[in-house]
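Student: So for the sequence shown, the working numbering puts the first residue at 73; every next one is plus one.
Virtual Cβ for every residue (Gly too), placed ideally from N, Cα, C.
Quick caveat: nothing in here was measured; it's all calculated off a predicted structure.
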Amino acid sequence: MVIGAGQAGLSAAYHLQRRGFLPAGGTDENAAPAVVADAPGSYVVLDAEAGPGGAWRHRWQSLRMATVNGISDLPGIPKPDVDPAEPSSAFLSRYFGDYEGGLGLNILRPVKVRSVSREDGHPAGRLRIETSAGGWSARAVINATGTWTRPFWPIYPGQSSFRGRQLHVADYVAAEEFRGQHVIVVGGGISAVGLLDEISQVTTTSWFTRREPVWRDAEFDRQAGHDAVALVEERVRQGLPPQSVVSVTGLLRTPSLRAAAARGALDRREMFTAIEPDGVRLADGGFLAAAVILWATGFRAELEHLSPLHLRGSGGGIAMDGTQVAAEERVHLVGYGPSSSTIGANRAGRAAVAGILRMFERRAAGEVRT
């Protein structure tokens, strides 16, 4: 079973189908839910969204294909010609939908997975998947739920007293809604600097981060990408929470960000110490009035439905062996840690399917791990 139909989930479904897996449970979203998704060579994809596109369905309209970070082709079917001015949410939702239809992938939606547990309490048993559409049973799960549904909100003194508007990047629509208001942007990642560029073109902004941002002037080449992935892989292998991509790669000075810097939009301030009704208390004791605080503070992996499996270790993360959870060979995480990029998601889908097939072969030969 695959949970999630974003880039990583579609990649997994493609490779399952390519390796001879057939649909389980039909494609009627109203089909009886008591599906056994482990007949030899069968699969199903459960997606909580109302339609194709994964997290891209929710990206702000001003994020155009000309400015979005590099998007890789889905395996087997390349992207059609891109209109640089088209919103990424529209283009990629359409591309994903055409991909699903063109390959006839077995995707049921909207289905929200509530929990995944061991059916019989033994590691060699089956997995029970409880959902908004009933229960499934499977021999293996490929989890591809991403991060978009779990925005991270830091907690600061006085936060609830603020009389202005607070929102997370996940709720952002367009810069125009802030015209005439001073906007504080918090965060040191790609979304933060991209939105500072956009918002500073229509109103005044201030940028706050906990640490001094690290800018990258050198080109982000293949070797740099390999090195970044290796660092994240080492963290998840040790069971530590994966770092953000920017914490490893640094921020790239694109032409648009150079223009933002020239406007003063990227003059970073030390993190404020408290939030007050009409603004924030600065680190030096001063006060800055503001009408909006935009938290560009990232996301966490959406893995709460896996809690019954007790996969997290003492380090706070989930120890991984490639895409497989080290302590549970029936569960693979794709789009997690080093595979959170679009290129990584494609590779992870293939690796997860290969790992599951090896597990089936071992078990057929009587080599059951406990």
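Would you mind stating whether A368 and A247 have Cβ atoms separated by less than 9 angstroms?
Tutor: It is not a contact, given that the beta carbons lie outside the stated cut-off.
Student: I believe T276 touches H254 by the beta-carbon criterion, under 8 angstroms. Please report the beta-carbon distance rounded to the nearest angstrom.
Tutor: Sure, about 5 angstroms apart at Cβ, within 8 angstroms.
Student: How close, in whole Å, do the beta carbons of V117 and I201 come, if the pair is a contact with beta carbons under 8 angstroms?
Tutor: V117 to I201, Cβ: 12 angstroms. No contact.
Student: Whose CA, out of E433, L324, T221, lies closest to the CA of G260?
Tutor: Checked all of E433, L324, T221; the closest Cα to G260 is L324.
Student: Identify whether A424 lies in helix, strand or coil by the three-state DSSP scheme.
Tutor: Helix at A424.
Student: Could you name each continuous alpha helix (DSSP H) segment of 4 residues or more that falls completely within the stretch 319 to 361, going from the start of the chain to the end?
Tutor: Segments of the alpha helix (DSSP H) lying fully in the stretch 319 to 361: 327 to 334.
Student: Note down, in chain order, each residue of its chain lying with its Cβ closer than 6 angstroms to the Cβ of L338, except the 5 sequence neighbours on either side.
Tutor: So the qualifying residues of the chain are A332.
Student: At the level of alpha carbons, what is the spacing between S83 and R422?
Tutor: Between S83 and R422, the C-alpha separation is close to 7 angstroms.
Student: Going by the CB atoms, is the gap between F371 and T219 shorter than 9 angstroms?
Tutor: Result yes, Cβ atoms of T219 and F371 sit closer than 9 angstroms.
Student: Sort out for me which residues DSSP pairs F280 with in a bridge.
Tutor: Paired residue(s): V258, R341.
Student: What residue from P380, R340, H130 has the CA that sits closest to P223's CA?
Tutor: Ranking P380, R340, H130 by Cα distance to P223 puts H130 first.
Student: How many angstroms separate the CA atom of L88 from the CA atom of V140?
Tutor: Cα-Cα distance, rounded: 29 angstroms.
Student: State yes or no: is the C-beta of S165 within less than 9 angstroms of the C-beta of L135?
Tutor: The answer is no: Cβ separation not under 9 angstroms.
Student: Given that a residue counts as buried once 16 or more other Cβ atoms are within 10 Å of its Cβ, and exposed if not, what is L94?
Tutor: L94 comes out exposed.
Student: When you compare only the Cα positions, how much space is there between A77 and A417?
Tutor: Distance between the alpha carbons of A77 and A417: 12 angstroms.
Student: Would I227 be called buried (16 or more neighbouring beta carbons within 10 Å of its own) or exposed?
Tutor: The residue in question, I227, is exposed, as its Cβ has fewer than 16 Cβ neighbours within 10 Å.
Student: Helix, strand or coil, according to DSSP, for Y115 in the structure here?
Tutor: If DSSP states are grouped into helix, strand and coil, Y115 belongs with the strands.
Student: Flag this pair as yes or no: are the beta carbons of N215 and L375 separated by less than 9 angstroms?
Tutor: Yes; because the gap between Cβ atoms is below 9 angstroms, this pair is in contact.
Student: Comparing alpha-carbon positions, which option in S233, W225, V245, F234 lies nearest V258?
Tutor: For the residues S233, W225, V245, F234, the minimum Cα distance to V258 belongs to W225.
Student: State buried or exposed for G266, treating a residue as buried only when at least 16 other CB atoms are found within 10 Å of its CB.
Tutor: Flag for G266 reads buried.
Student: According to the Cβ coordinates, are H377 and R186 closer than 9 angstroms?
Tutor: Yes. Within cutoff.
Student: Following the continuous alpha helix (DSSP H) through R251, name the residue where it begins and the one where it ends.
Tutor: Careful: R251 lies outside any alpha helix (DSSP H) and carries neither H nor E.
Student: What's the call for E191, buried or exposed, on a 16-neighbour Cβ count within 10 Å?
Tutor: Burial call: exposed.
Student: Grab the span of the beta strand (DSSP E) containing L22 for me, first residue to last.
Tutor: There is simply no residue 22 to check, as the chain begins at 73 and stops at 442 in what is shown.
Student: Restricting to Cα atoms, I'd like to know which of Y167, Y171, A205, G173 is closest to K184.
Tutor: Measuring from the Cα of K184, the nearest candidate turns out to be A205.
Student: Around the C-beta of W287, are 16 or more other C-beta atoms found within 10 angstroms, so that it is buried, or is it exposed?
Tutor: Exposed, because fewer than 16 other Cβ atoms sit within 10 Å of the Cβ of W287.
Student: Tell me, which residues are paired with W367 by DSSP?
Tutor: In DSSP, W367 forms a bridge with H240, V258.
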